[in-house]
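Trainee: Shown below is the structure under consideration.
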Amino acid sequence: MTTEIEVKKKRRRTRRRRRPAAAKELPQIFFCGDPHGCFDQINQAAREYQPDALVILGDMQAPAPLEVVLEEALQYAPVWWIPGNHDSESDEMYDNLWRSKLADKNLHGRAANVCGVRIAGLGGVFRGQVWMPDDPPNYYCPATFIRRVGPGNVWRGGVPRRHRTTIFPSVYQNLMRQHADILVTHEAPSCHRKGFAAIDRLAEALGVKRLFHGHQHEDRAYGRHHGIIMTGVGYRGITSITGEVVIPAQLDPREAAALKSALEWADSHGIDAPPVRTPPPAMVVRTPLPHAAPTFQPPELHPSSDMKPAPSSIKEAEAEQEKRTSRMTRARNRALAEAEKREPRRDAMLGRAVSARAPGGRWKRMQPKKKTGAGSDGGA
Ligand SMILES: [Fe+2]
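Residue 380, in the UniProt record's numbering, is where the sequence shown stops; the numbers in between run on with no holes.
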């Protein structure tokens, strides 16, 4: 007959050690740059790669409800989105997002679980009428905005349609209090020349490891910025969760028009146009972007006749520095002495004025009046 202790020992022996948890594999989530009315690339990427989910980074300008324009993509993966500044340009564009069947997939101002990854979203843009970081905001939340602008500016019982894609400080601060793995924004962080440090601070507060943004129409891999891997997804481009280009961005139509007119002008003036950058291949699958961080190029030095040779030792350099400093100090003292001769210093003048006015030549501290006994207000 086995005792209770022996049973426990047996149990202990048979207990297996836990293996260390295997590295969690990232789900394949695609981040889609500003579609501006064209959703073919999103449908194509969903059909060909069948990702786990797709997130659109704003400026959809959907010509029909979102579930209609993305009908094919939705057969393969769920689609999430944040609004861009152009999505409130007309009632139709607004309704095609906020009144579509994908209205609940709007990530603006919240964090949601997308295939096991927590993604936070901040759509829209900063507008000076409401808040332009880092200036103090004019309005804190939509309610204060409506209260001050009056009922004439109310649209569908809320803020004007234009400001439906404006970032209010209340939304931003609410998001600051949450936690996420990835942040998606329409506005760019400060590593873009038109970006905002407020986006960096939000990403840091959320504790995200990656950030994807749209709006600037450029495919950009910034590398680590504030310890966060930041990626810009260009016009109609698609990038994977690990920053690989799935579908390269197209040239911004405004840039294309400017380039065209420049080439036409060069042609008409008989000038050889500079070589144009060749467009990237139509479909590049999981090819890492070259690191976009600028490399420092030291400027070329052109020695001139008046340049002194560099000191050959530290002692020589120190002596040179001391000579320069004492020369500068002497010059400064000389200038001060001359200035004082011309016009006596302000504090010296003030001292003389004080001495002249003060009794006995000095300021005297005011003494409290002695009580005489018969108070003026003590009588009958
Ligand atoms: Fe855009």
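All C-beta atoms, glycine included, are put in the ideal place defined by N, C-alpha and C. From a predicted model like this one, the values you see are computed outputs, not experimental measurements.
(1) Along the chain, where does the alpha helix (DSSP H) containing R201 start, and where does it finish?
(2) Would you mind sorting P281 into buried or exposed? The rule is 16 or more other CB atoms within 10 Å of its CB.
(3) So T166 is in the alpha helix (DSSP H); what residue range does that whole segment cover?
(4) Would the beta-carbon of H215 be found less than 7 angstroms away from any heavy atom of ligand 1?
(5) Give me the residue from A319, R162, D134 with the minimum Cα distance to R201.
(6) Answer yes if the segment 25-43 comes into contact with the segment 56-66, meaning at least three C-beta pairs across the two stretches below 8 angstroms, and no otherwise.
(7) Check whether the Cβ atoms of S190 and A180 lie closer than 8 angstroms to each other.
(8) State yes or no: is the C-beta of A257 within less than 8 angstroms of the C-beta of Y235?
(9) Where does R164 land, buried or exposed, given buried means 16+ other C-beta within 10 angstroms?
(10) How is S268 classed by DSSP in three states: helix, strand or coil?
(11) Keeping to the same chain, check which residues put their C-beta closer than 6 angstroms to that of N85; ignore five residues upstream and five downstream.
(12) By DSSP, does L74 sit in helix, in strand, or in coil?
(13) Given a threshold of 16 other Cβ atoms within 10 Å of its Cβ, counted over all protein chains shown, does R19 qualify as buried or as exposed?
(14) Does the Cβ of Q173 have 16 or more other Cβ atoms within 10 Å, making it buried, or fewer, making it exposed?
(15) Beta-carbon separation of L66 and N113 under 8 angstroms?
(16) May I ask you to list the residues that DSSP assigns as paired with S240?
(17) By alpha-carbon positions, which one of M93, Y76, E72 ends up nearest to G58?
(18) Could you say which of I56, R334, I82, P51 lies nearest to Q75 if we only look at CA atoms?
(19) Examine ligand 2 and report whether any of its heavy atoms sits within less than 7 angstroms of the Cβ of D95.
Mentor: In short, the structure shows the following:
(1) R201 -> alpha helix (DSSP H) spans 197-206.
(2) Only weak support exists for where P281 lies, its pLDDT of 48 falling under 50; the coordinates are left without a value.
(3) Looking at the DSSP string, T166 is not in any alpha helix (DSSP H), and its letter there is neither H nor E.
(4) Look at H215: its beta carbon is less than 7 angstroms from one of the heavy atoms in ligand 1.
(5) Cα-wise, what sits closest to R201 is D134.
(6) By the Cβ test, the segment 56-66 is in contact with the segment 25-43, since at least three Cβ pairs between them sit closer than 8 angstroms.
(7) No, these two residues do not count as a Cβ contact at 8 angstroms.
(8) Cβ distance not < 8 angstroms, so A257 and Y235 don't count as in contact.
(9) By the 10 Å Cβ count, R164 comes out buried.
(10) In this structure, S268 counts as helix in the three-state DSSP scheme.
(11) Within the same chain, N85 has close Cβ partners V125, T165.
(12) Note: L74 maps to helix in three-state DSSP.
(13) Burial check for R19: the Cβ neighbour count within 10 Å stays below 16, so the residue is exposed.
(14) The residue is exposed, with fewer than 16 neighbouring Cβ atoms inside 10 Å.
(15) No. Outside cutoff.
(16) Note: S240 sits in a beta bridge opposite F30.
(17) The shortest CA-to-CA distance from G58 to any of M93, Y76, E72 is the one to M93.
(18) Answer by Cα proximity: P51.
(19) Ligands displayed in this structure: ligand 1; ligand 2 is not among them.
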